[in-house]
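Under the working numbering, residues 4 to 186 are what the sequence shown spells out, in order. We treat Cβ as the ideally placed atom computed from N, Cα and C, and that holds for glycine. Everything numeric in this text was worked out from a predicted model, so none of it was measured.
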Amino acid sequence: MIATEALKKDHRVIEKMLDVLEKISKKMEKGDNVPSELLKKASDFIRNFADNYHHMKEEDLLFKAMEQKGFPIEGGPIAIMLGEHNDGRGYARALAEGVEKYASGDSGAKKVIIDNARNYAGLLAQHIQKEDNILYMMANNILPEDFQNELLDKFDKVEKEKLSDRGRQYYVDLVDELDKAIA
Ligand SMILES: [Fe+2]
Ligand SMILES: [Fe+2]
Numbered sequence: 004m005i006a007t008e009a010l011k012k013d014h015r016v017i018e019k020m021l022d023v024l025e026k027i028s029k030k031m032e033k034g035d036n037v038p039s040e041l042l043k044k045a046s047d048f049i050r051n052f053a054d055n056y057h058h059m060k061e062e063d064l065l066f067k068a069m070e071q072k073g074f075p076i077e078g079g080p081i082a083i084m085l086g087e088h089n090d091g092r093g094y095a096r097a098l099a100e101g102v103e104k105y106a107s108g109d110s111g112a113k114k115v116i117i118d119n120a121r122n123y124a125g126l127l128a129q130h131i132q133k134e135d136n137i138l139y140m141m142a143n144n145i146l147p148e149d150f151q152n153e154l155l156d157k158f159d160k161v162e163k164e165k166l167s168d169r170g171r172q173y174y175v176d177l178v179d180e181l182d183k184a185i186a
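Here it is in structure tokens:
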């Protein structure tokens, strides 16, 4: 496997969570009760798996490797990806705050949750398409095999650092658990 394939695998897991976010939003909109424990787990996934783990592998490793090979980091596709990561962080933060308020009994936080879950899902869905179909192809064109292999090794280290004892599999299973719980 090459490094960009490993990142694509993360994308498939993240996409499943984007579906879960839409299901959560629909339920809350209808006035159905969504347990705050479920919302906390979804928010934890976004902050830890999607942002802290996946986006860090891109920002600290893949994009830097591309830069080393002469790909511009300011302006162009990487700058757009970084900007979208940042926008995503804003939505994720607002969602987490909404979930905290909702969990402490503030039902007015529902709208904050719905809006930010939808904004996040919409942003990430198109972001992932751009990376899968454009940016990773560019990376594959400029990164030789030894660079890709080195990246894979570094990805393992990020998993240990960012996901600690839980590991990647915890989050892969968590998405399925949440999908079943919200159905
Ligand atoms: Fe990204
Ligand atoms: Fe990505």
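Residue i CB to nearest heavy atom of ligand 2 below 7 Å
i	result
residue 10	yes
residue 81	no
residue 61	yes
residue 191	One cannot answer for residue 191 here, as it falls past the ends of the chain, which runs 4 to 186.
residue 5	no
residue 134	yes
residue 137	no
residue 131	yes
Alpha-carbon to alpha-carbon, residue j and residue i
i	j	result
residue 37	residue 31	7 Å
residue 132	residue 97	24 Å
residue 140	residue 27	33 Å
residue 18	residue 73	31 Å
residue 50	residue 114	20 Å
residue 118	residue 183	22 Å
residue 148	residue 48	31 Å
residue 77	residue 86	11 Å
residue 159	residue 185	31 Å
residue 60	residue 71	15 Å
residue 100	residue 178	21 Å
residue 162	residue 94	23 Å
residue 126	residue 79	18 Å
residue 153	residue 35	48 Å
residue 137	residue 102	34 Å
residue 110	residue 11	37 Å
residue 56	residue 75	23 Å
residue 6	residue 67	13 Å
Per-residue burial, residue i [other beta carbons within 10 Å of its own, 16 or more giving buried]
i	result
residue 151	buried
residue 89	exposed
residue 69	buried
residue 4	exposed
residue 46	buried
residue 8	exposed
residue 171	buried
residue 81	buried
residue 108	exposed
Same chain, Cβ closer than 7 Å to residue i, neighbours up to 5 away in sequence not counted
i	result
residue 105	39, 42, 112, 113 and 116
Cβ neighbours of residue i in the same chain (closer than 8 Å, five flanking residues each side left out)
i	result
residue 25	120, 121 and 124
residue 16	52, 174, 175 and 178
residue 23	45, 178, 181, 182 and 185
Ligand 1 heavy atom lying under 7 Å from the CB of residue i
i	result
residue 84	yes
residue 148	no
Cβ shell of residue i (< 6 Å), same chain only, five flanking positions each side left out
i	result
residue 52	174
residue 130	87
residue 13	57
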